[in-house]
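For the sequence shown, the positions run 511 to 772 when the working numbering is used.
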Amino acid sequence: MQTLADEIYIVIGITLLMLLVTSFVVVFIFIHRHQFNKHLQEKEEIKNAYQQEILKAQLEMKEQTLHTISQEIHDNIGQVLSLAKLNLNTILLSDDNPAASKITTTKELVAKAIQDLRNLSKSLNTDHISQKKLSESLKFELDQIQKTGMYKTDLKIEGSEQPFDPQKQLIIFRIVQEALQNIMKHAKAQYIFINLNYLPDKLIMSIKDDGSGFDMAAINQADKGTGIANMYHRARLMGAEIRIESQLGKGTLTQLWLPTRL
511 MQTLADEIYI
521 VIGITLLMLL
531 VTSFVVVFIF
541 IHRHQFNKHL
551 QEKEEIKNAY
561 QQEILKAQLE
571 MKEQTLHTIS
581 QEIHDNIGQV
591 LSLAKLNLNT
601 ILLSDDNPAA
611 SKITTTKELV
621 AKAIQDLRNL
631 SKSLNTDHIS
641 QKKLSESLKF
651 ELDQIQKTGM
661 YKTDLKIEGS
671 EQPFDPQKQL
681 IIFRIVQEAL
691 QNIMKHAKAQ
701 YIFINLNYLP
711 DKLIMSIKDD
721 GSGFDMAAIN
731 QADKGTGIAN
741 MYHRARLMGA
751 EIRIESQLGK
761 GTLTQLWLPT
771 RL
């Protein structure tokens, strides 16, 4: 009887020991897997942070280049044209002189060139864009496009417009410029519409045209055109999501979701 009891105790002891060993192995595996996952997460965060810094540096270089071009247009080319206009104004000809109408036309062309260069300088100038509301900058861009006589444009604002920090506002503006350039280069559109929908926790921006559209399936995510790739890169830099929808003959819709609360 004593032997049977001893055997039972031994079995129980062995069972408890096995359970203890098994528990130890399970806990060890769990801790190891947790540390491994944590390591992978940290590695991914470092990689993402590095990519973000690279993108940020690239954008800063581009913005600095655009700012320099803007200053050159304003300080040099604009001044030269202004002097040319001033010189033209000093030419006095009688109305019946054959050259009078040509001088007048030349004055008008030079004046238009000066104004166009000023508008271009404003679009390129980082400081000018950052100091204005986003809606004002976008309205300015759309007005310039409509003045060409080739497009009808419209801007709609829903909700209460919220200010962004200058860097985010500049990135949003550059995304819109990229989208507008794509429309003018490829879409053969007649109507361009931008909608800014300000919700409590995010901005939803939509850019729509009635152009020829394109086949989305034919564009590989990893092999987009430079313009579209820049839009995705800029959106990712500020933690936004961008989506482009298009069909042949049915225009293109570009939407941006930008969280306004972190």
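In this text, a Cβ means the ideal position worked out from N, Cα and C, and glycines have one as well.
Checklist line | Option in Asp-664, His-743, Ser-633 with minimal Cα separation from Asn-705 | finding: The residue with the shortest Cα to Cα distance from Asn-705 is Asp-664.
Check: In three-state DSSP terms, what is Ser-852?
Finding: In the structure displayed, the chain extends from 511 to 772; residue 852 sits before or after that span and is not available.
Check: How about Asp-725 and Thr-762: are their beta carbons less than 8 Å apart?
Finding: No. Outside cutoff.
Margin query: In the DSSP output, what is Asn-705 paired with across the bridge?
Written below: Lys-666, Ser-716.
Item checked: Bridge-paired residues (DSSP) for Ser-756 -> Residue pairing from DSSP places Ser-756 in a beta bridge opposite Thr-762.
Next item on the list: Label Ile-682 either buried or exposed according to how many other C-beta atoms from any shown protein chain fall within 10 Å of its C-beta, with 16 as the threshold for buried.
Entry: Taking all protein chains shown into account, Ile-682 has 16 or more neighbouring C-beta atoms within 10 Å of its C-beta and is therefore buried.
Note to self: Using only CA atoms, which one of Ile-693, Glu-668, Glu-688, Ala-727 lies nearest to Leu-709?
What the structure shows: If you compare the alpha carbons of Ile-693, Glu-668, Glu-688, Ala-727 with that of Leu-709, the shortest gap goes to Glu-668.
Checklist line | Rounded distance between the beta-carbons of Ala-689 and Ile-717, thought under 8 Å | finding: Correct: roughly 5 Å between the Cβ atoms.
Notebook entry, point to check: So what does DSSP say about Pro-673, is it helix, strand or coil?
Noted result: In this structure, Pro-673 counts as coil in the three-state DSSP scheme.
Next item on the list: Specify, as a first and last residue, the run of the alpha helix (DSSP H) that Phe-650 falls within.
Entry: Taken as a continuous stretch (DSSP letters only), the alpha helix (DSSP H) holding Phe-650 covers 644-656.
Note to self: Distance check for Val-536 and Gln-545, CA to CA, integer angstroms please.
What the structure shows: One alpha carbon belongs to Gln-545, the other to Val-536, and they sit about 14 Å apart.
Next item on the list: Rounded to whole angstroms, what's the CA-CA distance from Asp-637 to Asn-629? Just pull it up for me.
Entry: Cα to Cα, Asp-637 sits roughly 14 Å from Asn-629.
Note to self: Let's test the definition: count the other Cβ atoms within 10 Å of the Cβ of Leu-530 and tell me whether it reaches 16, buried, or not, exposed.
What the structure shows: Under this definition Leu-530 is an exposed residue.
Check: I think Gln-679 touches Leu-644, with their Cβ atoms under 8 Å apart; what is that distance to the nearest whole Å?
Finding: Rounded to the nearest angstrom, the Cβ distance from Gln-679 to Leu-644 is 5 Å, consistent with a contact under 8 Å.
Notebook entry, point to check: Per DSSP, Pro-769 forms a beta bridge with which residues?
Noted result: Beta bridge pairing from DSSP links Pro-769 with Lys-712.
Margin query: For Asp-606, report the span of its alpha helix (DSSP H) as first-last.
Written below: No alpha helix (DSSP H) holds Asp-606; DSSP gives it neither H nor E.
Check: What's the C-alpha gap between Phe-501 and Tyr-661?
Finding: No answer is possible for residue 501: the residues shown for the chain start at 511 and end at 772.
Note to self: For Ser-604 and Lys-698, what's the separation of their Cα atoms in angstroms?
What the structure shows: Straight-line spacing of the CA atoms in Ser-604 and Lys-698 works out to 46 Å.
Item checked: Whole-angstrom C-beta distance between Gly-749 and Gly-723, which should lie under 8 Å -> About 29 Å separates the beta carbon of Gly-723 from that of Gly-749, a gap too long to meet the 8 Å contact definition.
Item checked: 6 Å Cβ shell around Ile-488 - same chain, five flanking residues per side excluded -> With the chain covering only 511 through 772, there is no way to say anything about residue 488.
Checklist line | C-alpha gap between Gln-551 and Tyr-701, whole angstroms | finding: About 46 Å.
Item checked: Spatially closest choice to Leu-596 from Asp-606, Ala-610, Ile-693, Ala-621, by CA coordinates -> Residue nearest to Leu-596 within the set Asp-606, Ala-610, Ile-693, Ala-621 is Ala-621 (criterion: CA-CA distance).
Item checked: Inter-residue spacing [alpha-carbon to alpha-carbon] between Ala-623 and Lys-548 -> Cα-Cα distance, rounded: 59 Å.
Next item on the list: Give the range of the alpha helix (DSSP H) segment to which His-638 is assigned.
Entry: Unbroken alpha helix (DSSP H) run through His-638: 636-641.
Check: In this structure, what does DSSP give as the bridge partners for Glu-618?
Finding: DSSP output for Glu-618 lists no bridge partner at all.
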